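As structure tokens, the structure follows; a few thoughts come after it.
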Amino acid sequence: MDYKAILNEIKPNEAEKNEILDISNEIISKINQIASEEEIICEAKLVGSVAKETFLKGNGDIDIFISFSLNTSIDDLKEKGLFLAHKTAIELNADVVEKYASHPYLTIYINGQEVDIVPCYDIENSDQIKSAVDRTILHTEYIKKHLNADQKDEVILLKKFMKEIGVYGSEFKVGGFAGYLCEMLILKYETFKNTLIQSSKWRYNGVIDLEDHKTFKLFKDPLIAIDPTDKNRNVGAALSLEKMNDFVFASRNYLSSDDDKRLSFFYPLNRKNISKDFILNSFNNRESKTILISFSLPKMAMDNVYPQISKTTQSLKNKLEDIGFKIIYTSFWSDEKAIGLILIEFDSWRLSKYDENIGPKIYYKTACEEFIEAHGDNVFLKNQFLVQKKERKFRTPEDLINFIFKNEENIKILKIGKDLKNSILNEYKLFSINEFLDNLDENNPENDENFLFFLDDYLNPSQHLKR
Ligand SMILES: Nc1ccn([C@@H]2O[C@H](COP(=O)(O)OP(=O)(O)OP(=O)(O)O)[C@@H](O)[C@H]2O)c(=O)n1
Ligand SMILES: [Mg+2]
């Protein structure tokens with residue numbers, strides 16, 4: 003493989019690097035200047051992948067941390083940190099969005115760059131950690147110290163590969179590999195290629211322990227990557243089993259491919275023929291039944307959207323299965339602004355008229371008498387049990403779903419995302435896949451494409467991982 007040629011395309015060139023560093027330095031000086039004018043004692047520092055020189059071309063989100071001494075109170079840190087960030091944004095004429103991680107921080111937009119400005123404590127080692135973001139400075143220093151120039155290129159190859167197979171990023175939406183985890187993998191396995199060779203042999207609960215902390219027993223996650231700067235933290239904690247396995251599978255597929263195909267792993271999936279009709283035909287070919295439940299998103303933290311839709315979907319699936327429907331797959335989608343969707347594909351979509359309610363064993367005379375008393379003529383003996391033949395209340399998934407979402411009382415039988423409950427109760431809509439695609443909002447092509455890609459991925463599982 004000609005990795006040099008790939009790097010030429012995915013690695014920022016000197017001019018791009020300098021532009022990003024210039025903006026970073028401008029912001030850092032501005033923060034430090036305002037701090038000294040206001041007599042606030044702190045220091046702005048460049049951290050994250052820009053500081054580590056491991057960022058992808060076009061993905062240089064700049065991370066700037068303002069560190070305060072350990073004797074600063076948390077309230078002071080929050081207040082002064084945000085004050086400095088806001089004032090900097092005003093003086094530099096930048097747009098801002100306030101965000102929240104373990105405490106509030108600010109994202110500012112300047113010259114087309116996204117810059118996170120995050121207040122933290124200035125710690126020297128992990129014993130001093132006061133807030134979850136404090137480790138970041140330690141991470142940045144560790145990687146700058148240990149990762150050599152060639153390895154930085156290997157990290158960039160690995161991040162790009164992970165990005166295109168859909169496993170890059172530790173945010174909940176992805177549940178994949180954090181940038182810092184990629185850097186740790188290259189420190190352990192040296193090259194991109196060797197990382198794939200090794201990961202293609204990974205097992206559940208594998209351990210990566212660069213500093214030999216030997217604390218792996220503390221963790222039960224699929225991948226245990228002990229933070230070199232903090233023996234009590236697993237950097238792999240945010241990695242879901244699914245995304246770890248995706249990576250293992252993609253690694254094997256990559257290694258067994260020829261160079262042409264290998265190259266395609268570094269680019270967005272080449273989708274063909276993605277139209278409404280194509281998707282609809284593919285669904286119809288399956289001769290299953292697919293329904294969609296849509297609802298509007300209330301005002302809520304976007305970080306909570308996916309966990310809550312996921313939880314609701316799982317709970318609904320359990321209920322439908324409990325009463326006898328056979329489900330092939332479920333999935334969910336959101337435009338992350340206005341709507342959420344749950345997709346359920348059924349293998350069986352109409353149940354017979356009668357169900358069996360199994361009663362006591364024949365040997366328990368009193369219990370049998372009570373069962374007959376309660377259920378009368380419809381009781382018969384089957385093997386050792388008395389059984390009541392009973393008409394089903396719900397014979398289609400729609401019957402059950404409409405019953406559950408009918409009112410406050412019924413919906414209690416689900417474990418539903420708490421922010422979603424009211425909007426589902428008030429205005430959920432139930433569609434067949436055909437109806438839904440017919441009604442796709444023609445005025446919102448961006449959303450439509452995104453949604454059709456979601457359905458395409460649903461219909462072709464693992465296409466990102468196989469190419
Ligand atoms: N789950 C996470 C996410 C972030 N971080 C810390 O926060 C820093 C900045 O986060 P982020 O921008 O997500 O990662 P980068 O390393 O900057 O990688 P990139 O921006 O290229 O994706 C990371 O370097 C890391 O030290 C962390 O420890 N754990
Ligand atoms: Mg970053």
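For the sequence shown, the working numbering gives the first residue as 3, with consecutive numbering after it.
Ideal Cβ placement from N, Cα and C applies to all residues, glycine included.
No experiment lies behind these values; they were computed from the predicted model shown.
Of all residues, those with a beta-carbon under 5 Å from at least one heavy atom of ligand 2 are G50, S51, D63, D65, reported in chain order. Relative to ligand 1, T142 has its C-beta within less than 7 Å of a heavy atom. Assignment of A340 by DSSP, reduced to helix, strand and coil, places it in the coil class. Taking 7 Å as the cut-off, one finds no heavy atom of ligand 1 near enough to the beta carbon of A46. Taking every protein chain shown into account, the CB of L86 has 16 or more other CB atoms within 10 angstroms, so this residue is buried.
Bounds of the alpha helix (DSSP H) holding P399 are 399-406. Take G50, set aside five residues on each side of it, and the residues of its chain with a beta-carbon closer than 6 Å to its own are D65, in chain order.
Taking 7 Å as the cut-off, one finds at least one heavy atom of ligand 1 near enough to the beta carbon of N61. The count of Cβ pairs closer than 8 Å, one atom from the segment 331-350 and one from the segment 289-298, reaches three, so the stretches are in contact.
Annotation for E429: no beta strand (DSSP E) segment contains it, though the alpha helix (DSSP H) segment containing it runs 423-429. Under the three-pair Cβ rule at 8 Å, the segment 154-166 does not count as touching the segment 102-114. A straight-line Cα-Cα distance of about 12 Å links L159 and R264. Shortest gap from the CB of G326 to any heavy atom of ligand 1: 7 Å or more. Closest in C-alpha terms to L212, from the list K195, I188, W204, K219, comes I188.
Beta-bridge pairing by DSSP links A227 to I210. Counted as a single uninterrupted DSSP element, the stretch harbouring G181 is not any beta strand (DSSP E) but the alpha helix (DSSP H) occupying residues 181-191.
A distance criterion of 7 Å places the beta-carbon of F249 beyond contact range of ligand 1, judged by its closest non-hydrogen atom. DSSP places V99 in the strand class (E or B) of the three-state scheme. DSSP places K363 inside the beta strand (DSSP E), whose first and last residues are 356-363. CA-CA distance, T314 to W335, rounds to 12 Å.
Counting only the Cα atoms, E156 lies some 50 Å from I415. Comparing alpha carbon positions, the residue from K423, Y191, V135 closest to A103 is V135. With fewer than 16 other Cβ atoms inside 10 Å of its own Cβ, K203 counts as exposed. Comparing alpha carbon positions, the residue from F218, K222, E244 closest to D232 is F218. When the Cα atoms are used, D63 and S201 turn out to be separated by approximately 28 Å. In the structure shown, Y460 falls within a helical segment according to DSSP collapsed to helix, strand and coil.
Annotation: the continuous beta strand (DSSP E) that includes E45 extends over 45-49. A369 and F396 have their C-alpha atoms spaced approximately 28 Å apart. With a 10 Å radius around the Cβ and a threshold of 16 neighbouring Cβ atoms, I228 comes out buried. When secondary structure is reduced to three states using DSSP, Q465 falls in the helix class.
DSSP lists I64, I110 as the beta-bridge partner residues of V117. Looking from the CA of E323, the closest CA among P399, E126, Y170 belongs to P399.
Its Cα nearest to that of I276, the residue L439 stands out among L439, L183, R352.
DSSP assignment within the segment 214-273 yields the following whole alpha helix (DSSP H) runs of 4 residues or more, N-terminal first: 243-257, 261-266. Taking every protein chain shown into account, the CB of G181 has 16 or more other CB atoms within 10 angstroms, so this residue is buried.
The DSSP-derived three-state label of I329 is strand.
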